[in-house]
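K.L.:
Below are the structure tokens for one structure; questions will follow.
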Amino acid sequence: MRNVLIRPLVTEKMTEITEKTNKYGFVVAVDANKIEIAKVIKKKFEVDVVDVNTIKYKGKNRTQFTRKGRFTGKTPQYKKAIVTIKEGQTIDIFGEV
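Sequential numbering of the sequence shown, starting at 5, is according to the numbering used here.
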């Protein structure tokens, strides 16, 4: 099975949403679909997935000015998944840290 989950989404906003509702955020592979994401979450964390919402972000153009000239590049595109799990269940994102 390929790597669908890249990392958990740990921000102030996502932590607040997790505390109020049963939603967790993850950065996932750009080509992953909702069904794959739900299967991986269910298998890895042993929880029942109720809903998966995805948001796709495009990369931005960036320019860096140096002594040797101007360099242009692009930030990578990425995809976020907000996963709603069954009431009463939790996901231990940090594991045994």
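For every residue, glycine included, the Cβ atom is placed at its ideal position computed from N, Cα and C.
1. Are R6 and F30 close, meaning C-beta to C-beta below 9 Å?
2. Can you tell me where the beta strand (DSSP E) holding V8 begins and where it ends?
3. Less than 9 Å between the C-beta atoms of I45 and L13, yes or no?
4. For D55 and Y28, I'd like the C-alpha separation in whole angstroms.
5. Assign V44 to one of three DSSP states: helix, strand, or coil.
6. Measuring alpha carbon to alpha carbon, tell me which of G92, I97, Q93 and A85 ends up nearest A36.
7. State buried or exposed for I89, treating a residue as buried only when at least 16 other CB atoms are found within 10 Å of its CB.
P.N.:
Reading it off the structure:
1. no
2. Where V8 is concerned, there is no enclosing beta strand (DSSP E), given that its DSSP letter is neither H nor E.
3. no
4. Roughly 11 Å separates the two Cα atoms.
5. helix
6. A85
7. buried
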